[in-house]
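Numbering (this note's numbering), first residue to last: 47 to 157. Below is one structure; the comments refer to it alone.
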Amino acid sequence: MEEQNNHEIEQFFANEIIRLNLKSNAVKSACKKFGLTPEQAMSFYHEVRSKMKKSLSRRAWTYLLLGAIFLGVGLFGTIAKTGFIFYGAIAAGAAMLLSAIGYFRISLLKS
């Protein structure tokens with residue numbers, strides 16, 4: 047039973063990290079949800095974050111590449127006055143670039 051509870055806690059922290067939530071908010075909500083002490087929650091958080099660093103850096107590079115492509119297509123379409131639809135590409139590209147920055151930030155933090 048404890049092994050399954052640990053797995054649920056790890057999944058919870060993985061979801062919080064992927065959503066780019068702050069560490070303090072994730073630890074507080076884990077303490078409330080699972081009845082952990084702040085020290086236990088913090089150790090689970092650091093353990094999960096260290097496991098996810100490699101996958102987060104890959105995801106950040108992917109978002110950076112796709113965001114640059116979308117942003118380039120959107121800017122080219124807007125400058126060339128080919129249509130209104132390209133404003134969505136600018137917005138999507140900017141959002142992907144911001145997400146990539148967040149993922150790089152998480153993957154480069156010390157554990």
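For every residue, glycine included, the Cβ atom is placed at its ideal position computed from N, Cα and C.
Exposed or buried, residue i, counting other C-beta atoms within 10 Å across all chains shown (16 or more means buried)?
i: residue 135; result: buried
i: residue 102; result: buried
i: residue 133; result: exposed
What's the gap between the Cα of residue i and the Cα of residue j?
i: residue 145; j: residue 90; result: 24 Å
i: residue 153; j: residue 98; result: 8 Å
i: residue 142; j: residue 77; result: 31 Å
Between the Cα of residue i and those of the options, spot the shortest distance and give me the residue it belongs to.
i: residue 140; options: 122, 154, 118 and 125; result: 118
i: residue 79; options: 98, 64 and 57; result: 57
i: residue 93; options: 55, 149 and 150; result: 55
i: residue 105; options: 59, 66 and 51; result: 66
Secondary structure, beta strand (DSSP E): runs of 3+ residues fully inside the region 60 to 109: You should have found no qualifying run.
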